[in-house]
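What follows is a set of notes on a single structure, which appears directly below.
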Amino acid sequence: MSTLEIRNLHVSVETEEGPREILRGVDLTVRKGETHAIMGPNGSGKSTLSYSIAGHPKYTVTDGTITLDGEDVLAMGVDARARAGIFLAMQYPVEIPGVSVSNFLRSSATAVRGEAPKLRTWVKEVKASMEALEMDPAFAERGVNEGFSGGEKKRHEILQMALLKPKIAVLDETDSGLDVDALRIVSGGIEAVRAKGETGILLITHYTRILRYIKPEFVHVMTAGRIVDEGGPELAAVLEDSGYDRYVKGGGAAAPTGAPAGAVS
Amino acid sequence: MVVIDATGRPPMASGAVPRPVRSRNPLDHDVPTGREEAWRFTPLRRLRGLLTGPDADGKVSVTVTAPAGIAVEQLDAADPRIGRSYTPADRVAAFALARAGGATAITVPAEAAPTEPVLVHLHGESPRSAAGAAGVAYGHLLVEVGPFASATVVLDHTGSATYAGNVEVHVGHGASLTFVSLQDWDAGAVHVGAHAYSIGRDAKLRSFTVTLGGDLVRLSPTVDYRGPGGDAELNGVFFTDAGQHQEHRLLVTHTPRSCRSRVTYKGALRGAGAHSVWIGDVVIDADAIDTDTYELNRNLVLTDGARADSVPNLEILTGEVVGAGHASATGRFDDEALFYLQSRGIPPAEARRLVVHGFFAEVIDRIEVVELRDRIMASVSARLGETPAEDEPATPAEAGAGRAGA
Ligand SMILES: Nc1ncnc2c1ncn2[C@@H]1O[C@H](COP(=O)(O)OP(=O)(O)O)[C@@H](O)[C@H]1O
Ligand SMILES: [Mg+2]
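Taken in sequence, the protein lines are chains A and B.
1 is the number of the first residue of the first sequence in my numbering; add one for each residue after it.
266 is the number of the first residue of the second sequence in my numbering; add one for each residue after it.
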């Protein structure tokens, strides 16, 4: 049973005016096979939470803990976290000029699995995963994210998730910037990983439309660096109708519609 | 006219590119003081006296392996073919020509199209003298590609020497040459050389200058077109390690109309005292209408203490060009790229290796000789240090969003 536990997480970034606190005490528990959605307006700290889980050097944890099956994630380097089973699909995937997708995928699979995958089965595996995401085979020879369209970048992220089989996958606005077709394909890729029941998914989104394809068991609302409301799928429906206004206007004092913060986990 | 200038400077008019004295007589060239534009980046004291033309007391052996049909000759000093398309533009080059005592000539006959490359192995056999420096040697290499022929010539410099050597290349009309010069010297070598390319009408040159080893390497590739329709692609890769000085000074002169030039140099620098210099001079003469030129230098500074100088100069004397532009940029590792790779489980050292390989791949992947490509990449990997053990602890900077102060 894999469990990611986040307790009282406070995270700051360095700005010109000194450190600025962005996450102000986040509690969250994601177990293998569960799907959680985190929804919130722009600037509420969703990417900060994702990056902090993955270990981005720009984000400093000033208080709280993150553990994976009891192991201290914060003590691990970025690469060790990935090898421990944490995966982050980035909101803005980075270009790595001259490094081919195939070379990159193989290097990361080798690192995460602890041994180089057998060439023949590997080629089949990649081919099948790419077909499922309706990706052209020629894609494998392009430079990582080099000149990729928004949709191609997101498919490439989901392809990696499918191949790396993480225990916990954080998907940071994987739905943003996708047209209807791309959203359907990408959602299909996420759904396929979820259906295996081996991965806990933290689906971060600004909009509700991806939730038509992927049904989370838990919905958390984040504003101003805190989780201010939590509930089941019905909370997403409420947000679809009324947006974030009431959370933002009332600040942290908004009356929760679902369970009190922390009660889900 | 399209003028692209990533440096933000306007293209320069007459006088931007210095015109050196050209003479075979070394004494016609002033002894550099280090203040001249052409010498201001070069540490003169590390040239081991090459500016004064010391007697040769070392040796660079030349071994040519050529496919059938290609002539390999030893020319004596008086042979009129020497210096036909090249006149020295500095003192070291003039001494090299004067003291080489002849030349090794490689001739590809007209319309020949050998499938195998010509391999020229130049090996510095100079043991260190009492003074501690590798012995002095001079050389001249002549490569002539006949009309409508097509060939690949690879120069491979290894071993150690204090070497002043010129290369004179003529690509005949309608011919095509791929030319590779690999500087894979041992650590103590000094190498100063002019690589003069003469491009015939409708001829094509694709050159690769790859500088890895040596204490000091200073190469001056020049391109002159003998007629319209010439096409010169000058690619370069260098890896400048701690204490090394690697200097590439390019001059492309567009005199006839309708010629094309593309310069792409990429360098990585690492360690204290690593110093690279890239000078990209392009002149478009008044009659060189319809010229198409672009030059680019990108440097990746991997550590503190390394310095990359990059100076593009474009002198345009006609308004009717197809394109004329240059770009120069020196940067550090892209932290976001390293984070992305590490977030996929790839250890920091391996992530850096991938980024550096990717950086060079644009140029190196154009080399069609596979063994050469592999050798260059392997050398780059060796310099970066091999992948450390899986369980290597991350340094605090790489540990990422760990606890503050932890
Ligand atoms: N590296 C950073 N430097 C400075 N401010 C940052 C940085 N990253 C995020 N922020 C700020 O933190 C807040 C939350 O950002 P982010 O986590 O990206 O929100 P979201 O993903 O929910 O849109 C924003 O106000 C943003 O400007
Ligand atoms: Mg975000």
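Virtual Cβ for every residue (Gly too), placed ideally from N, Cα, C.
Between the segment 430-446 of chain B and the segment 466-479 of chain B there are three or more inter-stretch CB-CB distances shorter than 8 Å, so the stretches are counted as touching. Collapsing the DSSP output to three states places Ser-129 of chain A in a helix. Close to chain B, meaning a Cβ-Cβ distance shorter than 7 Å, are the following residues of the segment 98-116 of chain A: Gly-98, Val-99, Ser-107, Ser-108, Ala-111, Val-112. Val-482 of chain B is positioned such that its CB atom lies closer than 8 Å to that of Glu-512 of chain B. In terms of side-chain proximity, the C-beta atom of Val-248 of chain A is found no nearer than 7 Å to any non-hydrogen atom of ligand 1. When the beta-carbon positions are compared, Tyr-207 of chain A and Asp-179 of chain A stay at least 8 Å from each other. Contact annotation: Val-621 of chain B and Leu-565 of chain B have beta-carbon atoms nearer than 8 Å. By the Cβ-count criterion, Met-1 of chain A is exposed, with fewer than 16 other Cβ atoms from all chains shown falling within 10 Å of its own Cβ. Residue contact check for Gly-143 of chain A against chain B: a CB pair falls below 8 Å. For ligand 1, residues qualifying as neighbours are A:Val-13, A:Thr-15, A:Ile-22, A:Gly-40, A:Asn-42, A:Gly-43, A:Ser-44, A:Gly-45, A:Lys-46, A:Ser-47, A:Thr-48, A:Lys-58, where qualification means a beta carbon closer than 6 Å to at least one of its heavy atoms (chain order). Here DSSP, grouped into helix, strand and coil, assigns Trp-543 of chain B to strand. Fewer than three pairs of CB atoms, one per stretch, sit closer than 8 Å, so the segment 613-629 of chain B makes no contact with the segment 587-597 of chain B. Assignment of Tyr-462 of chain B by DSSP, reduced to helix, strand and coil, places it in the strand class.
Inter-residue distance for Ala-602 of chain B and Ser-149 of chain A is about 18 Å (C-alpha atoms, whole angstroms).
Using beta-carbon distances, Leu-619 of chain B counts as an interface residue toward chain A, with a partner under 8 Å. Interface residue (Cβ-Cβ distance to chain B less than 8 Å): Pro-41 of chain A is not classified as such. DSSP places Glu-636 of chain B in the uninterrupted alpha helix (DSSP H) bounded by 635-649. Pairing Lys-124 of chain A with Pro-216 of chain A, the inter-Cα distance amounts to about 31 Å. Annotation for Arg-617 of chain B: the continuous alpha helix (DSSP H) segment containing it runs 613-629. Annotation: His-206 of chain A is outside any alpha helix (DSSP H) and is labelled neither H nor E by DSSP. Phe-604 of chain B: member of the alpha helix (DSSP H) spanning 600-607, first to last residue. Considering only A:Val-144, A:Val-221, A:Asp-241, the residue with the shortest C-alpha distance to Ala-37 of chain A is A:Val-221. One Cα belongs to His-519 of chain B, the other to Arg-142 of chain A, and the distance between them is close to 35 Å.
If you compare the alpha carbons of B:Gly-501, B:Ala-414, B:Leu-387 with that of Arg-638 of chain B, the shortest gap goes to B:Gly-501. At a C-beta separation below 7 Å, Ile-611 of chain B has these neighbours in chain A: Asp-79, Ser-107, Ser-108, Ala-111. If you ignore the 5 residues before and after Asp-69 of chain A, its C-beta comes within less than 7 Å of the C-beta of Ser-2, Thr-3, all in its own chain and listed in chain order. Out of B:Thr-427, B:Asp-550, B:Gly-536, the CA that lies nearest to the CA of Glu-390 of chain B is found in B:Thr-427. Against chain B, the CB of Gln-91 of chain A has no partner CB under 8 Å away; the residue lies outside that interface. C-alpha of Thr-65 of chain A to C-alpha of Arg-226 of chain A: approximately 15 Å in a straight line. Take Asp-79 of chain A, set aside five residues on each side of it, and the residues of its chain with a beta-carbon closer than 8 Å to its own are Ala-111, in chain order. Interface residue (Cβ-Cβ distance to chain A less than 8 Å): Gly-623 of chain B is classified as such.
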